[in-house]
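Read in the numbering used here, the sequence shown has 635 at position 167, and its numbers run on one by one without any break.
Notes follow the structure.
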Amino acid sequence: MDDAIFDRRYFGFCLQCTFCHDSCCQHGVDVALAERDRILSHADALEPIVGSPRDGWFVDRVAEDVDFPGGLATRTAVVDGGCVFLRRGARGCALHAFAIDRGVDYHELKPMVSALFPVTFGEGTLLCSEEMLDGSLICAGEGPTAYEMARSELAWYFGPELIAELDDRRQSRASST
Ligand code: SF4
Numbered sequence: 469m470d471d472a473i474f475d476r477r478y479f480g481f482c483l484q485c486t487f488c489h490d491s492c493c494q495h496g497v498d499v500a501l502a503e504r505d506r507i508l509s510h511a512d513a514l515e516p517i518v519g520s521p522r523d524g525w526f527v528d529r530v531a532e533d534v535d536f537p538g539g540l541a542t543r544t545a546v547v548d549g550g551c552v553f554l555r556r557g558a559r560g561c562a563l564h565a566f567a568i569d570r571g572v573d574y575h576e577l578k579p580m581v582s583a584l585f586p587v588t589f590g591e592g593t594l595l596c597s598e599e600m601l602d603g604s605l606i607c608a609g610e611g612p613t614a615y616e617m618a619r620s621e622l623a624w625y626f627g628p629e630l631i632a633e634l635d636d637r638r639q640s641r642a643s644s645t
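Here it is in structure tokens:
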């Protein structure tokens with residue numbers, strides 16, 4: 469892991485923010501093919517909510533990526549300056565809102581990279597997202613750490629053993645400073 473996840477801070481409580489306009493969703497997001505297919509399995513119900521046909525929701529390119537379940541990934545399309553699943557005229561992610569509305573765990577539909585943000589992964593390592601490191605994340609700077617905000621999501625995806633390990637690492641770093 470990159471220890472930056474314990475140090476880098478940001479606003480954190482995204483839907484309480486009044487100024488970012490969901491800018492972290494402007495570039496779309498990488499998704500495993502299995503995630504893409506789970507989203508498309510709800511396409512009949514999602515199309516009127518997303519407001520565009522399903523064949524434009526993902527880019528055509530599929531790339532090998534061993535960090536994703538199944539080893540293959542694609543990406544959500546960007547439409548009018550934002551992820552195709554970004555709600556227009558409202559805050560947040562249409563996939564997340566749709567899942568809550570249907571009483572479905574949002575992890576079933578929302579991409580893992582989106583749920584973990586601003587913690588991410590690459591080449592077998594947990595990392596801070598690039599936007600947080602290069603300063604382009606508009607709310608980076610103060611607030612809870614990336615790890616504090618992503619901890620429950622990391623627990624959901626990777627289980628309590630990883631959280632125990634990460635908590636130990638955080639504690640040992642705090643003790644040594
Ligand atoms: S899938 Fe949802 S949370 Fe992820 S980038 Fe798109 S709109 Fe944002």
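In this text, a Cβ means the ideal position worked out from N, Cα and C, and glycines have one as well.
These numbers come from a predicted model, not from an experiment.
For residue 498, the enclosing beta strand (DSSP E) stretches over residues 498 to 500. A distance below 7 Å between beta-carbons, with the five flanking residues on each side excluded, links residue 612 to the following residues of its chain, in chain order: 477, 480.
When Cβ pairs closer than 8 Å are counted between the two stretches, the region 494 to 503 is seen not to touch the region 627 to 634, the count staying below three. Under the 10 Å beta carbon count, residue 496 is surrounded by 16 or more other beta carbons and is classified as buried. Segment contact: the region 570 to 579 against the region 528 to 538, fewer than three CB-CB distances shorter than 8 Å; contact not assigned. About 12 Å separates the CB atoms of residue 470 and residue 641; that is not less than 8 Å, and the two are not in contact. In the three-state reduction of the DSSP assignment, residue 628 falls in the helix class, which pools H, G and I. Under the three-state reduction of DSSP, residue 591 is assigned to coil, being neither helix nor strand.
A residue is called buried once 16 or more other Cβ atoms fall within 10 Å of its Cβ, and residue 498 is buried on that count. Residue nearest to residue 528 within the set 546, 512, 514 is 546 (criterion: CA-CA distance).
Within the chosen limit of 8 Å, the ligand SF4 does not reach the beta carbon of residue 635 with any heavy atom. The continuous alpha helix (DSSP H) containing residue 570 extends over residues 562 to 570. Our two residues, residue 623 and residue 516, have alpha carbons roughly 33 Å apart in a direct line.
No heavy atom of the ligand SF4 is found nearer than 8 Å to the CB of residue 604. In the three-state scheme derived from DSSP, where H, G and I count as helix and E and B as strand, residue 612 is classed as strand. Put simply, the backbone Cα of residue 544 is about 6 Å away from that of residue 551. Ranking 541, 512, 591 by CA distance to the CA of residue 526 puts 541 first. With contacts defined as CB atoms closer than 9 Å, residue 567 and residue 558 fail to qualify as a contacting pair.
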